[in-house]
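Here the protein sequences line up with chains W and H, keeping their order.
Positions in the first sequence are counted from 1; adding 9 to them yields our numbering.
Positions in the second sequence are counted from 1; adding 28 to them yields our numbering.
C-beta atoms are modelled at their ideal positions from N, C-alpha and C, and glycine is treated no differently.
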Amino acid sequence: RKEVEQDPGPFNVPEGATVAFNCTYSNSASQSFFWYRQDCRKEPKLLMSVYSSGNEDGRFTAQLNRASQYISLLIRDSKLSDSATYLCVVNRSGYALNFGKGTSLLVTP
Amino acid sequence: GAGVSQSPSNKVTEKGKDVELRCDPISGHTALYWYRQSLGQGLEFLIYFQGNSAPDKSGLPSDRFSAERTGGSVSTLTIQRTQQEDSAVYLCASSQGQLPRETQYFGPGTRLLVL
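Shown next, in the form of structure tokens:
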């Protein structure tokens with residue numbers, strides 16, 4: 010079983026839609042959780058960290074459920090510029106990161 | 029300020045040749061990581077350097093892979109006797125510290141194609 014699993018998508022949504030991505034992780038000892046964004050042929054960039062209490066950054070909301078080992082990302086009022094691959098990331102051995110394969114999002118006019 | 033830089037941006041080589049990939053981390057960042065991303069795959073951790081500590085090499089896929097970090101700054105990833113399955117994007121990242129919550133900043137990557 011992969012350490013971090015995501016639905017690869019693609020998710021095709023119209024502008025203004027709300028879309029949610031889910032991710033599960035296998036290592037119950039994991040301590041830190043992130044969502045990274047990767048544009049086509051570009052490097053990953055940190056979108057937001059994920060905390061147990063849930064956190065919000067503008068149109069983006071991230072949630073962590075430790076009991077279920079489940080992480081989510083909600084994007085409200087989708088923009089064309091949100092089109093990218095979203096990577097679920099879990100810390101590994103305290104520093105290096107375990108990346109999911111990513112979920113592809115395409116926002117259409 | 030300057031981000032993480034990597035060179036070359038693209039490398040085409042023949043099977044069996046050795047290649048060297050270079051990473052310049054963000055100035056002042058003590059932690060440096062190498063990952064690779066194969067087509068359709070997630071990022072795979074390769075090696076981690078933190079200050080002057082011994083590197084964590086647990087992610088290196090074979091003994092053909094090695095990496096050095098000189099003077100706590102620039103790092104070189106070397107792949108000896110390249111194989112076609114080594115074709116991937118090799119990404120370097122750096123962070124200020126070693127805490128799990130420290131943001132890792134990625135370079136643009138080196139796209140390696142082994143013919």
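Residue i to residue j span [Cα, whole Å]
i                      : j                      : result
residue 121 of chain H : residue 51 of chain W  : 13 Å
residue 76 of chain W  : residue 105 of chain W : 23 Å
residue 19 of chain W  : residue 91 of chain W  : 13 Å
residue 72 of chain W  : residue 27 of chain W  : 15 Å
residue 136 of chain H : residue 78 of chain W  : 31 Å
residue 132 of chain H : residue 123 of chain H : 5 Å
residue 84 of chain W  : residue 119 of chain H : 27 Å
residue 116 of chain H : residue 37 of chain H  : 12 Å
residue 53 of chain H  : residue 114 of chain W : 30 Å
residue 68 of chain W  : residue 44 of chain W  : 14 Å
residue 64 of chain W  : residue 95 of chain W  : 17 Å
residue 35 of chain W  : residue 104 of chain H : 32 Å
residue 39 of chain H  : residue 111 of chain H : 14 Å
Outcome for residue i when other beta-carbon atoms lying within 10 angstroms are tallied against a minimum of 16
i                      : result
residue 99 of chain H  : exposed
residue 97 of chain H  : buried
residue 49 of chain W  : exposed
residue 46 of chain W  : buried
residue 60 of chain W  : exposed
residue 70 of chain H  : buried
residue 100 of chain W : buried
residue 80 of chain H  : exposed
residue 53 of chain W  : buried
residue 91 of chain H  : exposed
residue 39 of chain W  : buried
residue 49 of chain H  : buried
residue 21 of chain W  : exposed
DSSP-derived helix/strand/coil call for residue i
i                      : result
residue 112 of chain H : helix
residue 122 of chain H : strand
residue 86 of chain H  : coil
residue 35 of chain W  : coil
residue 89 of chain W  : helix
residue 24 of chain W  : coil
residue 50 of chain W  : coil
residue 130 of chain H : coil
Where residue i meets chain H, residues with beta-carbon distance less than 7 Å
i                     : result
residue 52 of chain W : 119, 134, 135, 136 and 137
residue 88 of chain W : Going along chain H, no residue has its Cβ under 7 Å from residue 88 of chain W, so there is no contact; the nearest lies around 23 Å.
residue 82 of chain W : Per Cβ cutoff of 7 Å: no residues; residue 82 of chain W is ~16 Å from chain H at best.
Neighbour list for residue i in chain W, Cβ cutoff strictly below 9 Å
i                      : result
residue 141 of chain H : By Cβ distance, chain W contributes nothing, its closest Cβ being about 14 Å from residue 141 of chain H, past 9 Å.
In DSSP terms, what residue i is bridged to
i                      : result
residue 97 of chain W  : W/44
residue 47 of chain H  : H/107
residue 41 of chain H  : H/142
residue 113 of chain W : W/94
residue 13 of chain W  : W/34
Chain-ordered neighbours of residue i on chain H, where CB pairs are closer than 9 Å
i                     : result
residue 63 of chain W : In chain order: nothing, as chain H lies at least about 16 Å away.
7 Å Cβ cut-off: residues of chain W touching residue i
i                      : result
residue 131 of chain H : 55
Where residue i meets chain H, residues with beta-carbon distance less than 8 Å
i                     : result
residue 67 of chain W : The contacting residues do not exist; residue 67 of chain W stays about 18 Å from chain H at best.
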